[in-house]
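Trainee:
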Amino acid sequence: MAKSAPRLSFLGFSMALPPALLVVGFVGLPILIGFTFSLGFTTGPNRVVSLIGQQIHTKSHWWGTLDAYRDVIHDSRFAGDFALTLLVTLISTTLVILMSLGIGVYQRMIGGRIASIMSTLTLIPLFVPVVISSWAIHTFYAGDGFMRSFFATFGINVPTLTSTTSAIIIGTIWTSLPFAILMVTSGLQSIPDALIESAQDAGAGFFRIIRTVLIPLALTPIVIATTFTAIGILGSFTIPYFLGPNQPTMLGVEISNFFGSYNRPQQSIVMAFIVFMAASGIAVAYIWANVKSAKQSGRI
Amino acid sequence: MAKQTRSRAKTSSPLVKASLYTFIAAMAVFILGPLIWLALHAFVTNWTYPHLYPDGLTWSWWSKVFLDSALAEAIKNSLIISPIVVLLSMVICLPAAYAAGRMNYFGRKTFLIGMFAANSFPKIGLFAAIATLYYTLNLMGTFLGVVIIQLLGTIIYMTWIPAAAFAAIPRNLEEAARDAGASKFTVFRTITLRLAMPGILVAVVMSFLASFDEAQGSYLVGAPNIYTMPTEMYSLVQNYPIQVAAVFSLLLAFPSVLLISVARKHIIGGQLAEGFQIK
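Protein chains in written order, with our numbering: chain V, 45 to 344; chain R, -7 to 271.
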């Protein structure tokens, strides 16, 4: 693609500008300003929010102050919330990627009717608004929900999952599955038959082909799926809000609570940056995978 | 491949087959179960634990939703905001998608990576940061504020998916049409645009759903002045019986169901996944 458009075009640059400006103005800038706010810069663009919010710390050094960060870290609930957020992200992402790989490999190697039923089924959550799915899962696993009613018919008493960490994990898997499966499956499908067949001819077994041919060749989409899933779960709000326990809860819910209900916007922004720091490690892997695959095919 | 596929599937033992079907059944319950369970509640008077059958059937919850002014207002807001967001998104992003797919320009790589980097900041944290800025810009609780928040969520779909579609069009097809005497505009209209249409369609569908279903950001900057259907759900589930939430959910899911049936083929066909890799 880069080959077919060798000239640097001013027109192209100006066409690309509007969404870029929108992103700079309403994503880049707020993040930058939010960062200064978290450090205690309470004038300029942060003046109004500093007047409205409570327990605002104003900078005491030229570079700011870490008082708001101290507030958050010393908050008795923070450690539990942070641990829960990381735990849910780790468990859900691992399960989502394993399921995607299983379904993707099955579709690539065996295919047929079962595979197409499976792909249609797992695509459904993509089109269900997360508020609906969270609430549906809430009622399904609730004390008077289907799961308990169904097993009660056989005299089995299953625990209520709603308002537990397990429910958050169920909810995040439910919503993350389609995108991960789409990415992984399309990566696996693009591997040429010839490579798999020659591996078979050379005597490689089913699992050896998966390990040495399929996964390495589809590594980029797998990494993209993993990072996208993990970042999405890390910053989720609706699922833990509807499905999780009141305490501890995921940081997404606390960010919203601190911003709205508690009116402590500075502490809310601080938490956002703590989540961001966790996510940026994951984001680096994502961009690395993208750039690597673009280089391989000579697109950059 | 297809032939080999079938022979391999046949050789699998009944045990493997049985476990496959069990897995599919489990997945069906896992994915469809909650949706069906909630949907059924829209038509029942009450459901007493531990009965597997409802106490009775009724349509009364539907009129309750339409006659409730707050709920009707939310439906109206959603139906106004989402089309505006999608149109704005098309105007802003489609030229950029064409440029990203077909042209080489200064800062192209930075632009592509930057778009994705922006997407990796946790959503709820970003919304809190935007809300901080909104206070200063006087956009808190305004129509425009909600539109901008929802617009941000559509950019990734409206630039990436069409860009991949534009990039995939063979140049020689356009050149052949030019050689045959077609004008630049005719070529763009009859070849470029037509071949990129499936990608654009998927982008429009995904953008509409992203806007229509957006809840976290619209809630943080819109409430308590402006409620859309998804943000109304947050208060709905606490203040109304579950049956009302069920009716509201069905209404909220309706556009999605309609739009999937239109674009299902292209989404499974890889337009979506194609668009999510930097090219």
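Heads up, the beta-carbon is just placed ideally off N, CA and C, and yes, glycines get one too.
Determine, using beta carbons only, whether Thr209/V and Pro289/V come nearer to each other than 8 Å.
Mentor: Yes. Within cutoff.
Trainee: With contact counted as at least three CB pairs below 8 Å, one residue from each stretch, are the segment 184 to 201 of chain R and the segment 67 to 78 of chain R in contact?
Mentor: Yes, the segment 184 to 201 of chain R is in contact with the segment 67 to 78 of chain R.
Trainee: Helix, strand or coil: which one does DSSP assign to Asn96/R?
Mentor: Strand at Asn96/R.
Trainee: In chain order, what residues of the segment 97 to 127 of chain V put their CB closer than 7 Å to some CB of chain R?
Mentor: The residues in question: there are none.
Trainee: Check whether the segment 83 to 95 of chain R touches the segment 61 to 81 of chain V, taking contact to mean three or more Cβ pairs, one atom from each stretch, closer than 8 Å.
Mentor: Result yes; three or more Cβ-Cβ pairs closer than 8 Å.
Trainee: So the candidates are Asn130/R, Ala120/R, Thr128/R and Arg186/R; which of them puts its Cα closest to the Cα of Gln311/V?
Mentor: Out of Asn130/R, Ala120/R, Thr128/R and Arg186/R, Ala120/R has the C-alpha closest to the C-alpha of Gln311/V.
Trainee: Taking Cβ positions, are Thr41/V and Ile100/V nearer each other than 8 Å?
Mentor: Outside the displayed span of chain V (45 to 344) sits residue 41/V, for which this structure offers no information.
Trainee: To the nearest whole angstrom, what separates the beta carbons of Ser58/V and Asn96/R, a pair I think is in contact under 8 Å?
Mentor: That belief does not hold up - the Cβ atoms of Ser58/V and Asn96/R are roughly 14 Å apart, past 8 Å.
Trainee: Could you name each continuous beta strand (DSSP E) segment of 3 residues or more that falls completely within the segment 282 to 315 of chain V, going from the start of the chain to the end?
Mentor: Entirely contained in the segment 282 to 315 of chain V, not one beta strand (DSSP E) run reaches 3 residues.
Trainee: Leaving out five residues on either side along the sequence, give the residues of the same chain with a beta carbon under 7 Å from the beta carbon of Ala329/V.
Mentor: Closer than 7 Å at the Cβ level, and outside the excluded window around Ala329/V, lie Val267 and Thr271.
Trainee: I want to know whether the segment 130 to 148 of chain V touches the segment 219 to 234 of chain V - three or more CB-CB distances under 8 Å.
Mentor: Contact between the segment 130 to 148 of chain V and the segment 219 to 234 of chain V is present, because at least three Cβ pairs lie under 8 Å.
Trainee: On the CB-based measure, 16 or more other CB atoms within 10 Å of its CB, does His182/V come out buried or exposed?
Mentor: Label assigned to His182/V: buried.
Trainee: Taking a Cβ distance cut-off of 7 Å, strictly less, list which residues of the segment 194 to 212 of chain R are near chain V, in chain order.
Mentor: Under the 7 Å Cβ criterion, the segment 194 to 212 of chain R contributes Leu201, Asp205, Ala207, Gln208 and Leu212.
Trainee: Run the CB neighbour count on Ala92/R, radius 10 Å, all protein chains shown included, and call it buried at 16 or more, exposed below.
Mentor: So Ala92/R counts as buried.
Trainee: Can you check whether the C-beta of Ala121/R is within less than 8 Å of a C-beta belonging to chain V?
Mentor: Chain V contact via Cβ: present.
Trainee: Nearest by alpha-carbon distance to His43/R: which of Asn301/V, Ser104/V, Ser207/V and Met191/V is it?
Mentor: Selected option, being the one with the closest Cα: Met191/V.
Trainee: Taking Ala186/V as the reference, give the member of Ser163/V, Asn307/V, Val174/V and Ile212/V with the closest Cα.
Mentor: Comparing Cα-Cα distances from Ala186/V to each of Ser163/V, Asn307/V, Val174/V and Ile212/V, the minimum goes to Ile212/V.
Trainee: Can you find a CB in chain V that lies within less than 8 Å of the CB of Trp54/R?
Mentor: So no, Trp54/R is outside the interface.
Trainee: Among the candidates Leu12/R, Phe58/R, Met221/R and Arg256/R, whose CA atom is the shortest distance from the CA of Gly156/V?
Mentor: Among Leu12/R, Phe58/R, Met221/R and Arg256/R, the Cα nearest to that of Gly156/V is on Leu12/R.
Trainee: Does DSSP put His43/R in a helix, in a strand, or in coil?
Mentor: Of the three classes helix, strand and coil, the one that applies to His43/R here is coil, per DSSP.
Trainee: Arg170/R to Arg186/R, Cα distance in whole Å?
Mentor: So the alpha carbons of these two residues sit roughly 16 Å apart.
Trainee: Hey, does Phe194/V have any beta-carbon neighbour from chain R nearer than 8 Å?
Mentor: Judged by the 8 Å Cβ criterion, Phe194/V is in contact with chain R.
Trainee: Could you compute how far the alpha carbon of Ser70/R sits from the alpha carbon of Met221/R?
Mentor: Their backbone Cα atoms lie some 6 Å apart in a straight line.
Trainee: For Val202/V, does the three-state DSSP call read helix, strand or coil?
Mentor: Coil, per DSSP.
Trainee: Is the CB of Pro309/V under 8 Å away from at least one CB in chain R?
Mentor: True, the Cβ-Cβ gap to chain R drops below 8 Å.
Trainee: Is Leu278/V near Thr138/V, with beta carbons less than 8 Å apart?
Mentor: Not a contact, by the Cβ cut-off of 8 Å.
Trainee: Give me the Cα-Cα distance between Phe29/V and Thr204/V, rounded to the nearest whole angstrom.
Mentor: The requested residue 29/V is not part of the displayed model; chain V covers only 45 to 344.
Trainee: Would you list the one or two residues that DSSP bridges to Gly88/V?
Mentor: In DSSP, Gly88/V forms no bridge with anything.
Trainee: Can you tell me which residues form a DSSP beta bridge with His105/V?
Mentor: Paired residues: Gly108/V.
Trainee: Should Val140/V and Ile217/V be called a contact, given that it needs their Cβ atoms to be closer than 8 Å?
Mentor: Taking 8 Å as the Cβ cut-off, Val140/V and Ile217/V qualify as a contacting pair.
Trainee: Buried or exposed for Pro169/V, going by 16 or more other Cβ atoms inside 10 Å?
Mentor: Label assigned to Pro169/V: buried.
Trainee: Is it the case that the Cβ atoms of Tyr211/R and Tyr232/R are separated by a distance below 8 Å?
Mentor: No.
Trainee: Cβ atoms of Ile16/R and Ile161/V: under 8 Å apart, would you say?
Mentor: Contact flag set, yes.
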